[in-house]
Amino acid sequence: MSEQNELIKRRLEELEEIKKLGINPYPHRFDVTTDSKSIIDGFTDPENDEEKEKQKKVVVSVAGRIMAIRKMGKATFCHIKDETGRIQIYIRKDDVGDESYSVFRLLDIGDIIGVSGYPFRTKTGEVSVHALSYQLLTKSVQPLPVVKEEVTEAGEKIVYDAFADVELRYRQRYIDLIVNENVKNTFIKRTKIIQSIKRTLESNSFFEVETPTLQTIYGGANAKPFVTHHNALDIDLYLRISNELYLKRLIVGGFNRVYEFVRDFRNEGIDRTHNPEFTQVEWYQAYGDYYDSMNMFEEVVEKACIDIHGASKIMYGETELDFKRPWKRIRMTEAIENKLGIDIMKMKKDEIINYMNTNGINFDPKISHSKGLLIANLFEESCEEDLIQPVFVYDFPIDTTPLCKQLREYSLSDLEEMKKNPEQVIFAERFEPYIYKWEMGNSYTELNDPVLQRSLLEQQVERGRGGEEETHPLDEDFINAIEVGMPPTTGVGLGVDRLVMLLTDSQSIRDVIFFPLMRPV
RNA sequence: GGGACCGUAGCUCAGGGGUAGAGCAUCUGCCUUUUAAGCAGAGGGUCGGUGGUUCGAUCCCACCCGGUCUCACCA
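Per my numbering, residue 408 is the first one in the first sequence, and the count goes up by one each step.
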């Protein structure tokens, strides 16, 4: 506020003038008896003069921010905005008195006022409050973008000079929320979606828990972590990339069904569907398998959609999405066969590499050692784009994760043979739900064989040393927990931000996060 | 990180080698049922930053800063 432009200077002068008049521009409280929506919804037009006079006796008090002022000499119209909407205020010199009326010239768009008066309908048909008195509640000294609205006869709202600069909107979300009507609705829906997910989980006996954000060792996902430092202990700590390993410890500890909404932090690129910190809900269910998780997942999402929209069908941009249960389920290998017409199981590793090269399908040479990773890569590159309607893609090559059980149909002796043959891909009971080409989550029949668990995690550490990025360091205490014994368990992670995007028709993750990360100015 | 595009008044935008325009907002005056209120007048800008080319740069060039989209990365 040191570099004052004319508008701010003017407002600060007004502030001083108000103080000189003995008016506190920042009083401590105001008795609000109603809100704009209740006034408008509750208004009934008087049928005769007697009734009209009666209505004048019913005084209400509302408070809100001034969004528009129309001065007409000895009368002024303004619109104030509260949590429930906008309402017009009619202030007349005769009613509020000369002194009070003259103070109004010191008020601006952006100031917050409280008004006491009676509801009436103006000549032009708008339900308004005829002020008997008003009080300044907060003087604003920053000029607010002035957004004008016109309501056509058809009832359509036309917005002029919308506050549209995306950068400013994100950096100063409080202004965005004040002047852009839909922004607030999106965030209200976000909270309702989260509440709905919690209700569904709670009604299925899942128990809400809290686990550490600051972790001495990170794991549970393949991602680069943020590093920070604890001074007293003089150790580096990681901001969690996932809470998976902690929730499994709680399953070991005897909680059979747990869930947690967590902020995960991943030190990666930013784009339309990625923010460095994002929200996931993970839930774990003892004695269940990944089919149980599919059922829960589709229930959670379908109910969230119905809670928000009243139906399972929504539009996302130009695309209609239907979340109605049950969702389609397809094996990864089937998805590849359907799309490309190749039976990936019959192809040798080199044939797959060859196929990808000749068809211009990108893959990271670092994964060429693993037929399983190549298959997963081929799937992502060629099939993802077609997955518009909700679908569970299941049975992933085991190389894609060290935390998941292999398929139940393998006998123990089969597995011994398969492991010896690098052309033999072992699949794991993992699925990912896809909606609108996006991975909406991740789920396993969780691995609880401590010997295999240790061996898979150690292999991953080795691969990390071999140059593959984003693998886990070894979490000995987690293995210890699995050694103590985790019952058969299934777990799910659901990307909350992306679900909110879909259900609010938002085109960027930044539209569903109040304060997305921005480079400092 | 690569590419394309953008950055001009508080907000939304136009302009373009001779140091800037509009609407809204602001200020002054008139107006006691207006509503994108109206009418008359006024003020407001290091044209993102730093260099360069030029007699002269907001405009051309380079670099930098910030952003948007996109590709890569990211399950």
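For every residue, glycine included, the Cβ atom is placed at its ideal position computed from N, Cα and C. For clarity, every value in this text was computed on a predicted model and none was experimentally measured.
Counting along the chain, no beta strand (DSSP E) covers S789; the unbroken alpha helix (DSSP H) around it starts and ends at K778 to S789. Boundaries for H681: no beta strand (DSSP E) harbours it, and the DSSP string shows neither H nor E there.
Distance from the Cα of V899 is smallest, within the candidate group E615, D912 and E689, for E689.
Between T491 and K444, the C-beta spacing is below 7 Å.
Residue state for K596 is assigned as helix, using DSSP reduced to three classes. For a cut-off of 8 Å, the C-beta gap from Y691 to T896 is around 6 Å, short enough to register as a contact. Under the DSSP definition of a beta bridge, D729 partners with K720. Contact between the segment 509-522 and the segment 539-549 is present: 3 or more CB-CB pairs across the two stretches fall below 8 Å.
Per the Cβ contact rule, the segment 857-869 is not in contact with the segment 715-724 (fewer than 3 Cβ pairs under 8 Å). Between the segment 503-514 and the segment 585-605, the count of C-beta pairs closer than 8 Å stays below three; the two stretches do not touch. Counting of Cβ neighbours within 10 angstroms places Y433 among the exposed residues, the total staying below 16. Fewer than three Cβ pairs drawn from the segment 594-613 and the segment 627-641 lie within less than 8 Å of each other, which leaves the two stretches out of contact. Here T897 carries a strand assignment [DSSP, helix/strand/coil]. By the CB criterion at 7 Å, A711 and I658 fall outside the cutoff. If only uninterrupted beta strand (DSSP E) runs of at least 3 residues are considered, those enclosed by the segment 485-561 are 492-499, 519-528, 534-545 and 555-558.
Cβ atoms of L814 and D802 come within 8 Å of each other, at about 7 Å.
In the three-state scheme derived from DSSP, where H, G and I count as helix and E and B as strand, R647 is classed as coil. In this chain, the alpha helix (DSSP H) harbouring G449 covers S443 to G449. Inclusion of L646 and F668 in the CB contact set at 7 Å is not warranted, their separation being larger than that value. With respect to the 7 Å criterion, E883 and P857 are not classified as neighbours on the basis of their beta carbons. Between I805 and I833, the gap from beta carbon to beta carbon is short of 7 Å. The beta carbon of K488 lies closer than 7 Å to those of G471, R472 and M474 in the same chain, with the five residues before and after it left out. The beta-carbon distance between D502 and A538, rounded to whole angstroms, is 6 Å. This is short enough to meet the 8 Å contact definition. Under the criterion of beta carbons closer than 8 Å, T740 and G779 do not qualify as touching, at roughly 11 Å.
For R580, the enclosing alpha helix (DSSP H) has its first and last residue at R580 to V586.
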